[in-house]
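K.L.:
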Amino acid sequence: MVSIDRRGLLGAGAALLASPALAQPRWPARPVQMLCPWAAGGGTDAVLRIAATLLERELGQPFNVVNRTGGSGVVGHTAIAQASPDGYTLGIITSEICMLHWQGLTEVTYKNFTPLGQLNNDPPGIQVNASSAYQNVQQLADAIKASPAGKFKASGTGQGGIWHLALASWLGAMGLKADHVRWVPSNGAAPAMQDLAAGGLDFTTCSVPEARAMLDAGRARSLAVMAPARLSAFANIPTLKETMNIDITAGAMRIIAGPANLPAEVKAAIEPALKKVFDSKEYQEFMNARGFGLVYADGAGAGQALAAADKALGDAMKAAGLAKA
Amino acid sequence: MQLSDRVTGGVLVVLGGLAAWSGSRLPAVPGQDVGPAAFPMLIGSGLVICGALIALGIGRSFEVPEEDVPATGSRFGGLRVLIPPALLLFYMLASEPLGFLLTAGIMVFVVAWALGASMRLAVPLALVAPVLVHLAFYKLLRVPLPDGVLPAPW
Amino acid sequence: MNELMEGVRLVAAPDVIIAIVASAIYGLVVGSLPGLSATMATALLVPVTFWLSPIAAIATIITASAMAIFSGDIPGCLLRIPGTPASAAYTDEAYAMTRKGQPEVALGAGLWFSAIGGIVGTLSLVLMAPLLAEMALSFSTFEYFWLAFLGLMCATLVARSSPIKAIASMLLGLLIACIGMENPAGTPRFTFGLTDLLGGIEPIPALVGVFAVSEVMRAMATPEPPKMPHRKFGSILAGQWKLTKKYQWPMWRGNIIGVIIGVLPGAGADMAAWVSYAMSKKFSKEPEKFGTGHPEGLVEAGASNNASLASGWVPSLLFGIPGDTITAIAIGVLYMKGLNPGPTLFTENARSMYALYLIFIIANIIMIPLGIVMIRIASKVLRAPRASIMPVILLLCAVGAFATGNNLFSVLLVGVFGILGFVMERNGYPVAALVLGIVMGTMVEQNFITSLIKSDGDVMPFFERPVSAVLAAMTIGALLWPLGVWIWNRTGGRRLPA
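First to last, the sequence lines map onto chains A, B and C. 482 is the number of the first residue of the first sequence in the working numbering; add one for each residue after it. 216 is the number of the first residue of the second sequence in the working numbering; add one for each residue after it. 40 is the number of the first residue of the third sequence in the working numbering; add one for each residue after it.
1) With a CB to CB cut of under 6 Å and the five nearest residues on each side skipped, what residues in its chain are close to Ala235 (chain B)?
2) So with CB distances below 9 Å, who are the chain C contacts of Ala451 (chain B)?
3) Along the segment 160 to 181 of chain C, where does the CB come closer than 7 Å to a CB of chain A? Name the residues.
4) Please confirm if Gln514 (chain A) has its CB atom under 8 Å from at least one CB of chain B.
5) With a CB to CB cut of under 6 Å and the five nearest residues on each side skipped, what residues in its chain are close to Glu539 (chain A)?
6) Taking only beta-carbon positions, decide if Ser321 (chain B) is within less than 8 Å of chain C.
7) Whole angstroms are fine: how far does the CA of Pro223 (chain C) sit from the CA of Ile296 (chain C)?
8) Return the residues of the segment 762 to 790 of chain A that lie within a Cβ-Cβ distance of less than 7 Å from chain C, sorted by chain order.
9) Distance check for Tyr393 (chain C) and Val47 (chain C), CA to CA, integer angstroms please.
10) Helix or strand or just coil, what does DSSP make of Ala705 (chain A)?
11) Would you be able to state if there are at least three C-beta pairs under 8 Å between the segment 112 to 126 of chain C and the segment 63 to 80 of chain C?
12) Quick one, which of A:Glu691, A:Ala714 and A:Gly680 has its alpha-carbon nearest Ala614 (chain A)'s?
13) Can you list, in chain order, the residues of the segment 731 to 742 of chain A whose Cβ is nearer than 7 Å to any Cβ on chain C?
14) Output needed for Tyr286 (chain C): all residues of its chain with C-beta closer than 6 Å, excluding positions within five of it in sequence on either side, in chain order.
15) Classify Val343 (chain B): buried if its beta carbon has 16 or more other beta carbons within 10 angstroms, exposed otherwise.
16) Output yes if chain C places a C-beta closer than 8 Å to the C-beta of Lys757 (chain A); else output no.
17) By the criterion of Cβ-Cβ separation under 9 Å, what are the contact partners of Asp362 (chain B) in chain C?
18) Given a limit of 8 Å on CB to CB distance, which residues of the segment 408 to 432 of chain C reach chain B?
19) Where in the segment 513 to 587 of chain A do unbroken runs of the beta strand (DSSP E), each at least 3 residues long, occur, reported from the N-terminal end onward?
20) So is Phe461 (chain C) in contact with chain B if we call contact Cβ pairs under 8 Å?
21) Extract the residue ranges of the alpha helix (DSSP H) inside the segment 149 to 233 of chain C, only unbroken runs of 4 or more that lie entirely within it.
22) Reducing DSSP to helix, strand and coil, say where Phe594 (chain A) ends up.
23) Where does Glu143 (chain C) land, buried or exposed, given buried means 16+ other C-beta within 10 angstroms?
24) From the DSSP output, read off the bridge partner residues of Ser713 (chain A).
25) What does the Cβ neighbour count give for Trp527 (chain C), buried or exposed, with the cut at 16 atoms within 10 Å?
26) Is it buried or exposed for Arg693 (chain A), if we count other Cβ within 10 angstroms and need 16 for buried?
27) Contact between the segment 658 to 670 of chain A and the segment 631 to 641 of chain A: three or more CB pairs below 8 Å?
28) Under three-state DSSP, which class holds Asn769 (chain A)?
29) Can you check whether the CB of Gln675 (chain A) is closer than 8 Å to the CB of Leu176 (chain C)?
30) Taking its Cβ as the centre, do 16 or more other Cβ atoms sit within 10 Å of Phe229 (chain C), making it buried, or is it exposed?
31) For Ile374 (chain C), would you say it is in contact with chain A, using Cβ-to-Cβ distances shorter than 8 Å as the test?
32) Judging by CA-CA distance, which residue of A:Gly774, A:Asn617, A:Val555 and A:Asp697 is the nearest neighbour of Glu723 (chain A)?
33) Assuming Thr525 (chain A) contacts Ile573 (chain A) under a Cβ cut-off of 8 Å, what Cβ separation, rounded to an integer in Å, is found between them?
34) Does the Cβ of Gln584 (chain A) have 16 or more other Cβ atoms within 10 Å, making it buried, or fewer, making it exposed?
35) Does chain A have any CB closer than 8 Å to the CB of Arg335 (chain B)?
36) Would you please verify whether the beta carbon of Pro245 (chain B) is less than 8 Å from any beta carbon of chain A?
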């Protein structure tokens, strides 16, 4: 009795599954799952959710955002890379994918993905307490050079996080060792900015949008941004290039991607759609409201950006002694 | 599972010792004086001390004796308590291949049956509860519950 | 005054009213499901807010989160399954009241004092936001370390068991919090090579496991308890005014502690409830009644956790620093809607701020009628046979755990914590202390280690900053007090209350 029931159920299930598979004219023929390796409510989640909403409008199928968190991003990134490459499971990948494998935490690298479009890049900044004596980044740099190693304390994210590597790169460009400034690990940029305002730190190297509320409140000042050009939302903050002639291009990237070997028709459909999403009034308004950097690159461009970041971050991690063998 | 304080205290001593020992073997972090080892070693030592005190019976006078639970002899005896965790393990392994509705139906039926429910209660419950939960979580909360062999019709 | 009227007009718009009512019902339902947290209820609203006007968008977040925090008390009281880490502090107390046949008093107290706490918290936000914000900004990692340490010590006060076993449970929780790489060094610890453990153990699966699954396991081992005499579910609000008068002082203490702790980013409602419950027991005239179904602690802790929820918005609104995960989501929505956090929000956008205050007050007022309906519906489970409730609870545990990160590993974790909770309970180890350890572990270690890094390994700075010194003195005093009592009693002195 039980076996008959089960067979009946199996048959019914197979029939239900098979019917949409028979007719699959073009992608997307059914809802697409968008994986987010970071928790709901964070910046990456917000960017993906608005992009998914707008993609739905462009392509006429629901794009459902699913947060697959855990393992400091390893779980979600791995899930995107290992999804079946049929175009119905895509996701958002972040700069961490160019760091996790250097730390020996996963085998997955940017090469396991098909990048489809970069939607955002936030470069690191340099922020000090509002009452700090340093009026510009050159004064701060001189003071750091003159101080004994470990006297200056900086923060912005956890040990070995993206902003820690930005600091290491900056120190390296000044000819100092990566640990000349002591890194105080924090649980993200917001607690670091609070500690900066409470007088517990000398400076932070998180991105300017993350520091924005404290800057607006007059509790902190941003001395420089580590980017090739000034940010449109923060045009009064000079770049490190123009003040100290130091070129650092690493930043926090957000890229829509799928598993490797995506069919060409999927790429052909989604890449122009992502460009339209990026150019849409809603997306531009949203990103400007949050202060997130509007940087676009198509699939190939995003792939190059990932390759460059992978090398730069790997070098910085080796210099800071954070990479595993 | 009522164990003597000697046993639970002893387990805590061993656990704390292991935590402190393996904590102490964690690599130092370059550029930092205080590494990942400090906190587990501190906690581990604390557990060793507490475990030892418990094993020696110190502080027992404060305890409120737990009311005596009469054991039930029916269906599977003492191992019955392991049914819920075993079913959670089953859910983890089976929900992807079988699908949510089938897995949940089996879970609900087994628990109801083990608690002595009649077939007249257990079967309808196993049919209705998964459907309601699926509706609430899948539709309202957008949780991607797996379809498996029996996809929901909505 | 003009701006206040403008604020009223903003809130009175039909879309805002609909948003408030709909998100209130949504928050009540989601919060009452075991395993689903207020944070999750809020996060799921974010895509909806894209299409709402700024005020309506914020209204959904405020209302849903306040409702979800309250309704998290319902399964805790009726089934001993706390909905949020905050209600874990007093779950045993509320459940004991249910077993004494007074579920309506316990739930009514949760509802009534939550609403009062929410309104007091809002008033503190209106009247003293800049002052409170200044306080929050004076907290560096040193102060946070002492605060977290004080919070941990509540474990020994809350439990009705040997203090040594309570401390052992709490240490076990701290050890569990060490798992993963979310520690200051960013080094994976105790992961046994499992990727799923890299991110550490989330409090929700642990909470669901030790309370809910262990409860289902207990049901397996015990015969069906005799049916509670069938009687009418009493009035929910009737006794509350009497309780308000009787426990006026604990209620105000709860409100004040809640406002203060809530304002500190990262501490939040969880800690406020624990500290208040412990304080209530410490200063009560009848501490021996705690844990046996005594409403005093519920009054204080219930007021405290909702007061902290409102004051938690202060650092978020003034500096964009999230007080907890809920305000972190809210900040995102504020930016998206052009209401950028910062002092200018209070000056240039005063009418929006007044609208926001009003929404807080309205949410806490409509919580009472909607909460009563919810309690009446939920209380039906007390009359259902156990064999029909327990299977559904187990199913909700599995799905709720899965939903926290859409990760099947959490389901396994819930099972493991179920076994752990069951064994601990049987042997007199309080599981609430374990949960406290898991919830607070990261905060304690983070602030301890980073403070040591900042001071170059020196312990003196832990005592040098003024606020830090006061907190340190309180902690050490609280540590030495029971020891002093114990020695006094041992040396044959007069017995003192511990």
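Don't be surprised by glycine CBs; every beta carbon is placed ideally from N, CA and C. Fair warning: this is a prediction, and the values are worked out from it, not measured in the lab.
P.N.:
Concretely, from the data shown:
1) Locating residue 235 (chain B) in the second sequence gives position 20, counting from the first residue. Hits under 6 Å: Met256, Gly259 and Ser260.
2) This structure leaves residue 451 (chain B) out entirely; chain B is present only between 216 and 369.
3) Leu176, Ser177, Phe178, Ser179 and Thr180
4) Position 33 of the first sequence, counted from the start, is the residue given in the question as residue 514 (chain A). For Gln514 (chain A), the answer is yes, since a Cβ of chain B falls inside 8 Å of its Cβ.
5) By 1-based counting over the first sequence, the position of residue 539 (chain A) is 58. Within the same chain, Glu539 (chain A) has close Cβ partners Ala754 and Lys757.
6) On the second sequence, position 106 is the one that residue 321 (chain B) refers to. With the sequence shown as reference, residue 321 (chain B) is identified as Ile, and Ser is not the correct amino acid for it. Not one chain C Cβ lies under 8 Å of Ile321 (chain B).
7) Position 257 of the third sequence, counted from the first residue, corresponds to residue 296 (chain C). Position 184 of the third sequence, counted from the first residue, corresponds to residue 223 (chain C). Distance between the alpha carbons of Ile296 (chain C) and Pro223 (chain C): 29 Å.
8) Phe767, Ala770 and Arg771
9) In the third sequence, residue 47 (chain C) corresponds to position 8, counting from 1. In the third sequence, residue 393 (chain C) corresponds to position 354, counting from 1. Roughly 8 Å between the two C-alpha positions.
10) As a first step, residue 705 (chain A) is located in the first sequence; it is residue number 224 there, counting from the start. Ala705 (chain A) falls in the strand class under three-state DSSP.
11) yes
12) Position 133 of the first sequence, counted from the start, is the residue given in the question as residue 614 (chain A). Closest by alpha carbon: A:Gly680.
13) none
14) Within the third sequence, residue 286 (chain C) is the residue found at index 247, counting from 1. Result list for Tyr286 (chain C): Glu335 and Val338, in chain order.
15) Within the second sequence, residue 343 (chain B) is the residue found at index 128, counting from 1. It counts as exposed.
16) Here residue 757 (chain A) refers to the residue found at position 276 of the first sequence. So no, Lys757 (chain A) is outside the interface.
17) Translated into the one-based positions of the second sequence, residue 362 (chain B) becomes position 147. Going along chain C, no residue has its Cβ under 9 Å from Asp362 (chain B), so there is no contact; the nearest lies around 14 Å.
18) Pro424, Arg425, Ala426, Ser427, Met429, Pro430 and Val431
19) 513 to 517, 544 to 548 and 570 to 575
20) Sequence index remark: in the third sequence, residue 461 (chain C) carries index 422 (1-based). Interface residue, yes.
21) 180 to 197 and 202 to 216
22) Residue mapping note: residue 594 (chain A) aligns to position 113 of the first sequence, counting from 1. Note: Phe594 (chain A) maps to strand in three-state DSSP.
23) Residue mapping note: residue 143 (chain C) aligns to position 104 of the third sequence, counting from 1. Buried, by the Cβ-count rule.
24) Reading the first sequence from its first residue, position 232 is the one you call residue 713 (chain A). According to DSSP, which records beta bridges pairwise, Ser713 (chain A) is partnered with nothing at all.
25) Locating residue 527 (chain C) in the third sequence gives position 488, where the first residue counts as 1. Per the 10 Å Cβ criterion, exposed.
26) Within the first sequence, numbered from 1, the residue matching residue 693 (chain A) stands at position 212. When all chains shown are included, Arg693 (chain A) counts as buried.
27) yes
28) The count along the first sequence starts at 1 and reaches residue 769 (chain A) at position 288. Of the three classes helix, strand and coil, the one that applies to Asn769 (chain A) here is helix, per DSSP.
29) By one-based count along the third sequence, residue 176 (chain C) stands at place 137. By one-based count along the first sequence, residue 675 (chain A) stands at place 194. Contact flag set, yes.
30) Here residue 229 (chain C) corresponds to residue number 190 of the third sequence, with the count starting at 1. The residue in question, Phe229 (chain C), is buried, as its Cβ has 16 or more Cβ neighbours within 10 Å.
31) The residue labelled residue 374 (chain C) in the question sits at position 335 within the third sequence. Per the sequence shown, residue 374 (chain C) should be read as Tyr rather than Ile. For Tyr374 (chain C), the answer is yes, since a Cβ of chain A falls inside 8 Å of its Cβ.
32) One-based indexing of the first sequence puts residue 723 (chain A) at position 242. Here the closest residue by C-alpha is A:Asn617.
33) Mapped onto the first sequence, residue 525 (chain A) falls at position 44. Mapped onto the first sequence, residue 573 (chain A) falls at position 92. Right, their Cβ atoms sit about 6 Å apart.
34) Indexing the first sequence from 1 puts residue 584 (chain A) at position 103. Burial call: buried.
35) Start at 1 with the first residue of the second sequence, and residue 335 (chain B) comes out as number 120. No - not a single Cβ of chain A is within 8 Å of the one on Arg335 (chain B).
36) Here residue 245 (chain B) corresponds to residue number 30 of the second sequence, with the count starting at 1. Yes, its Cβ sits closer than 8 Å to a Cβ of chain A.
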